[in-house]
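Protein chains in written order, with the working numbering: chain A, 12 to 615; chain B, 170 to 451. The beta carbon of each residue, even a glycine, is placed where N, CA and C say it ideally should be.
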């Protein structure tokens, strides 16, 4: 054992932390593991929650901790280093070391404690409540993760690992001070057309499915397995899991295999909190109805309720709250006021038109399958600029800049655009106002979109708008999901831009120069195209406007860059805006709900 | 005595105004002299009648749907938020500063205003289609516009549930459960609005609701995207002056209403509704 101890001591002294990616055994426990304690100071801990005795190759009983994640968590590793600091560790007995283990376990649980937030209706504010709780518990020093078993959204995000998950889970991960992983949202459904969605499992596209197949075949077969495996991983690597439901848990006609709500709570054995939105009235009725319509076994999971989105004086609700607590037996933890935040939006319902009175209007074409419209959040943050979603061809010429956004189905939306008079309007606008395409919108700007293998639709080939000299090919059923960095070719300073690509198909430039130079996975490549007079350009990058260079280009096109100083987020980038808003949100939650009760419900 | 029926909902913005307008139009097509009525409207979008009286834009629209010139009797109380928790109360078409809505005496005055306006309409109508305001189950508020109105005019109530944001059955069940017993008796039916998708999946839920609420489901109405005057939109401007230019807008609205009514005729059980109107609360 002596040389093992020496190894650990020397590691301690060097302060080596994190994953050892060069090790040929990596990842011996899990991807992302912290290898600081490659040799565990508590071995053999004989803790049955972390390992077990097996018969080794020599035929003798040996303690196996192959499935132990605990010591390989960053928080546990760091705490361990702190506890052993300055102590002569090699002279300590195993009992003494295990006492230290016990101390660490008080704060860093071997199995995460779950809590689930459900909404009486969609749009009740669940997502933000989960976001705030992630930050709240993280601020208390716990290791927290968000979780939503199944999300239906067109706004997706690509993780560092190249996995596609719902954008909101990335925001929640940031709130938890975590890097987003597909475990946090193991199933993502991206609606393609009525009743059909692309099913993405653990960040990878699986299949396009209709609702019936999904609920009647896919979920009964694979639902629980995905639910349990993702939850199990998160339980082993966190102190607290803040879970989010989807829609209302009280849909009496839902499939028993529905994994998004109470089935997930059951599998995780999570206490539940119901969020009710008071904005449209009926909050008490929805609270009572949701709780009381559930079977008793499910009702018992609910340990608290939150009334959200209150405008005006919350004291007017006091009597009603007392009555409803008595009628349901469930305490109301608080009334959260309506707050305006600058955070990425989740559903298409949240699309807001630019504030009236903006000096400059950036029009975004509201395609039927519009995706990743969080790209434009950064634009609406600029002073004097309003983002307007355009659903009438007549409005096309009324804006200063027009953007064709990303879409879930380029070909279908191209047809829609043509059939609904937008092509004509765009051709009139061409050359008069700058037209920008992002992702699917970029594909539409080219001459032709070719899909002979029916990757995206049954149409072999369709004409694009022809504003750019390029052609898009959907030649393989292959989806590109990757984070990129790089710079604008038009930027003499070559300042950094970053973002992510989510698309099928590839686009070949014929004569137009590429818009950006990007790096991904260590490889350099070209992205996008522009027409030399800059009246038309397009890119595959989502999040394109998050950093200043792309916004500056846009503003220079309005010819107003000098006057319209984008000072608000020139020096404060999107990340900082998000960080400030996360803290603001968390403060509001702390100020309006009973945190002690919440902690008791979680069990911390 | 005119017959009547009242539409209330479990959430504001559930489509009450529009369904009320469609039912007005339907009854009018069937030869009845119909009037819309809403005791209290909370809106910034108002309309000015030929007499120069101010009323809610929705009741004006419903009145056109009945083929009638709008009258302030159709909406005797209009509350206009003027910012920071302050509001202006319009009584019988004119601003009133004297009534403090919070004291008990004013409650009597306001109910009297509502009663007089209704009685005025009743003399000239076969059927009055009443619209509630907000939701009836606000256990923290004293509410004139919903069950108080239904009780006053002995109106059978149809509850509208909005399925667009989910939880529709919880909303219907919860709203019903929180009503006082004497108000529960006024409920004669429910319907589901703003539905998208495959409707057969609702069958079992509707059965359960019919059993729990003890009243029939009147149908499931599809989500629609026609343009109508929205109480909360700015389409008519704050003063609500209607000029000749906007007459065209009115035609658009009514054409849209006709298209919506075609849909409602397929999806709403008018036979059951007609019987409810015929029988009243007896």
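For this session: Determine the DSSP secondary structure at residue 471 of chain A, reduced to helix, strand or coil.
Result: coil
Exercise. Since residue 355 of chain B is in the alpha helix (DSSP H), which residue starts that stretch and which ends it?
Worked result: Element bounds for residue 355 of chain B: n/a, residue is neither H nor E.
For this session: Determine the contact status of residue 275 of chain B and residue 244 of chain B, defining contact as a CB-CB distance below 9 Å.
Result: no
Exercise. Along the chain, where does the alpha helix (DSSP H) that runs through residue 344 of chain B open and close?
Worked result: 337-347
Exercise. If we count the other Cβ atoms within 10 Å of its Cβ and call it buried at 16 or more, is residue 580 of chain A buried or exposed?
Worked result: With a pLDDT of 46 at residue 580 of chain A, under the threshold of 50, the predicted position of this residue should be treated as unreliable, though the coordinate-derived value follows. So residue 580 of chain A counts as buried.
Exercise. With 9 Å set as the bound, which would you pick, yes or no: does the beta-carbon of residue 334 of chain B sit closer than that to a beta-carbon of chain A?
Worked result: yes
Exercise. Given 8 Å as the limit, is there contact between the region 179-191 of chain A and the region 214-229 of chain A, that is, 3 or more CB pairs closer than that?
Worked result: no
Exercise. From the beta carbon of residue 426 of chain B, is the nearest beta carbon of chain A less than 9 Å away?
Worked result: no
Exercise. Going along chain A in order, which residues have a C-beta closer than 9 Å to the C-beta of residue 307 of chain B?
Worked result: 292, 293, 294, 295, 296, 331
For this session: Please state if the CB of residue 247 of chain A and the CB of residue 80 of chain A are separated by a distance shorter than 9 Å.
Result: yes
For this session: Would you kindly check if the distance between the Cβ of residue 342 of chain A and the Cβ of residue 254 of chain A is under 9 Å?
Result: no
Exercise. Checking contacts by CB at 9 Å: is residue 299 of chain A closer than that to chain B?
Worked result: yes
Exercise. DSSP beta-bridge partners for residue 326 of chain A?
Worked result: The partner list for residue 326 of chain A (beta bridge, DSSP) is empty, contrary to what the question assumes.
For this session: Identify every run of the beta strand (DSSP E) within the region 371-412 of chain A, keeping only runs that are complete inside it and at least 3 residues long; order them along the chain.
Result: 371-376, 396-401
Exercise. Got a sec? Which residues, its chain only, sit under 7 Å from residue 1 of chain A by beta carbon, not counting five neighbours each side?
Worked result: Past the edges of chain A, shown from 12 to 615, lies residue 1 of chain A, and the structure says nothing about it.
Problem set entry | Presumed contact (8 Å Cβ cut-off) between residue 261 of chain A and residue 305 of chain A, rounded CB distance | 6 Å
Exercise. Would you report the Cα separation of residue 433 of chain B and residue 439 of chain B, rounded to the nearest angstrom?
Worked result: 9 Å
For this session: Would you mind telling me which residues of chain B sit closer than 8 Å to residue 263 of chain A, beta carbon to beta carbon, in chain order?
Result: 338, 373, 374, 377
For this session: Return the bridge partner residues of residue 313 of chain A from the DSSP annotation.
Result: A/283
Problem set entry | Given 8 Å, three or more beta-carbon pairs between the region 131-138 of chain A and the region 592-611 of chain A | no
Problem set entry | Residue environment, residue 209 of chain A, which counts as buried when at least 16 other CB atoms sit within 10 Å | buried
For this session: Scan the region 436-480 of chain A and note each continuous beta strand (DSSP E) run of 3 residues or more that stays entirely inside, going in chain order.
Result: 446-449, 459-461, 472-474
Problem set entry | Secondary structure of residue 441 of chain B, DSSP reduced to three states | helix
Problem set entry | Beta-bridge pairing of residue 66 of chain A - partner residues as DSSP gives them | A/72
Problem set entry | Endpoints, the alpha helix (DSSP H) within which residue 210 of chain A is located | Where residue 210 of chain A is concerned, there is no enclosing alpha helix (DSSP H), although the beta strand (DSSP E) it sits in stretches over 207-212.
Exercise. Below 9 Å between beta carbons: does that hold for residue 149 of chain A and residue 188 of chain A?
Worked result: yes
Exercise. Just curious, the beta strand (DSSP E) that residue 228 of chain B is in, first and last residue?
Worked result: It is not in any beta strand (DSSP E) - residue 228 of chain B instead sits in the alpha helix (DSSP H) that spans 226-234.
Exercise. Between the beta-carbon of residue 504 of chain A and the beta-carbon of residue 560 of chain A, is there less than 9 Å?
Worked result: yes
Problem set entry | Beta-carbon proximity of residue 87 of chain A to residue 59 of chain A, cut-off 9 Å | no
Problem set entry | Contact set between the region 126-142 of chain A and chain B, restricted to residues whose Cβ is under 9 Å from the partner | 130, 131, 132, 133, 134, 135
For this session: Assign residue 287 of chain A to buried or exposed, taking buried as 16 or more other Cβ atoms, counted over all protein chains shown, within 10 Å of its Cβ.
Result: buried
For this session: Report the rounded CA-to-CA distance for residue 143 of chain A versus residue 29 of chain A, giving the unit in angstroms.
Result: 27 Å
Problem set entry | C-alpha gap between residue 202 of chain A and residue 490 of chain A, whole angstroms | 16 Å
Problem set entry | Under 9 Å by beta carbon: chain B residues contacting residue 397 of chain A | Residues of chain B passing the Cβ test: none, with the nearest at roughly 15 Å.
For this session: Closer than 8 Å, Cβ to Cβ, to anything on chain B: give me those residues from the region 239-273 of chain A, in chain order.
Result: 258, 259, 261, 262, 263, 264
Exercise. Comparing alpha-carbon positions, which option in A/530, A/56, A/33, A/294 lies nearest residue 318 of chain A?
Worked result: A/294
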